[in-house]
Amino acid sequence: MESSRISLRPFKVSDADDFLKWASDDKVTRYLRWNTITSREEALAYIQKVAIPHPWRQSICLDDHSIGYVSVKPEPGDDTCRAHVSYAVSAEYWGQGIAKQALRMAMSRVYKEFPGLVRVEALVEVENKGSQMVLEKVGFVKEGLLRKYGYCKGEIRDMFIYSFLSTDKIM
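Set out below in structure tokens:
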């Protein structure tokens, strides 16, 4: 995929139809903590109440059409040196390097936009091989296995924890 066609920008209400296309796909939301979006009304509500007010949730755009998201959320209080990253891309675009490109773009920006940030963490389910590959290709380091760590879709699941430090090099 030509990288000049991919961009990150804040979500807009006008993204609702594009958002619904990928957020209504169970394959895309399988490993996400939020449920599959089932209607345009739900899509609008999510964008207005979650995506827009979020401190750093960007729409991954292909030719300015929303095809996914990347989110970086700094921890509160004394832990603002650390943030959590999550992302998803429309299944239609899997395997084309879009998640990798979007994550690279995010990592090149967040340390500038959050000056006290030192570490970005990603939690990935053991079964989610695609996301593990994306993180490793960007330069995240797999630190270990967290057994029975994350609750998702009604189950407590094993997770790998990855990190990317402000001193790490984006690959």
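Counting with full-length UniProt numbering, you get residues 1 to 171 for the letters of the sequence shown.
Beta carbons: idealized from backbone N, C-alpha and C, even for Gly.
Source: prediction; values computed, not measured.
What residues in its chain sit with their C-beta under 6 Å from that of residue i, if we drop five residues either side in the sequence?
| i | result |
| --- | --- |
| Tyr-33 | Just to set this straight, residue 33 is Arg in the shown sequence, not Tyr. The residues are Cys-152. |
| Arg-119 | Arg-82, Ser-163, Leu-165 |
| Ser-7 | Cys-61 |
| Ser-66 | Asp-15, Asp-18, Phe-19, Ser-59 |
| Val-85 | Val-72, Val-120, Ala-122 |
| Thr-80 | Pro-74, Gly-116 |
| Ile-156 | Lys-148 |
Can you give me the Cβ contacts of residue i inside the same chain, cut-off strictly under 7 Å, excluding the 5 residues immediately before and after it?
| i | result |
| --- | --- |
| Lys-169 | Gly-139 |
| Val-134 | Ala-99, Lys-100, Leu-103 |
| Ser-108 | Ile-170 |
| Ile-47 | Phe-11, Val-13, Asp-15, Ala-16, Phe-19 |
Rounded to whole angstroms, what is the Cα-Cα separation between residue i and residue j?
| i | j | result |
| --- | --- | --- |
| Lys-27 | Ser-90 | 9 Å |
| Val-72 | Pro-55 | 8 Å |
| Gly-154 | Asn-128 | 17 Å |
| Thr-36 | Asp-18 | 14 Å |
| Gly-95 | Lys-137 | 13 Å |
| Val-50 | Thr-167 | 30 Å |
| Pro-53 | Lys-21 | 21 Å |
| Tyr-87 | Glu-41 | 22 Å |
| Asp-39 | Ser-131 | Checking the displayed sequence, the identity of residue 39 turns out to be Ser instead of Asp. So the two alpha carbons sit approximately 26 Å from each other. |
| Ala-106 | Val-70 | 7 Å |
| residue 174 | Asp-78 | In the structure as shown, the chain begins at 1 and stops at 171. Residue 174 is therefore absent and cannot be evaluated. |
| Pro-76 | Leu-117 | 11 Å |
| Tyr-111 | Gly-68 | 21 Å |
Looking only at DSSP bridge pairs, what is residue i linked to?
| i | result |
| --- | --- |
| Pro-10 | Gln-58 |
| Ile-47 | None; Ile-47 has no bridge partner. |
| Met-159 | Glu-125, Leu-146 |
| Val-138 | In DSSP, Val-138 forms no bridge with anything. |
Does DSSP put residue i in a helix, a strand or coil?
| i | result |
| --- | --- |
| Arg-5 | helix |
| Ser-131 | helix |
| Ile-98 | helix |
| Lys-153 | coil |
| Asp-25 | coil |
| Lys-73 | strand |
| Tyr-87 | strand |
| Arg-40 | helix |
| Leu-32 | coil |
For chain D, find out if any of its Cβ atoms is closer than 8 Å to the Cβ of residue i; answer yes or no.
| i | result |
| --- | --- |
| Tyr-149 | No chain D appears in this structure, which consists of one protein chain only. |
Going along the chain, which residues of its own chain have a beta-carbon closer than 8 Å to the beta-carbon of residue i, five neighbours each way excluded?
| i | result |
| --- | --- |
| Met-159 | Leu-123, Val-124, Glu-125, Val-126, Leu-145, Leu-146, Tyr-149, Gly-150 |
| Asp-25 | Thr-36, Ser-90, Ala-91 |
Report task. Would you mind listing the beta strand (DSSP E) stretches within the stretch 103-127 that are 3+ residues and don't spill past its ends, in chain order? Result -> 119-125
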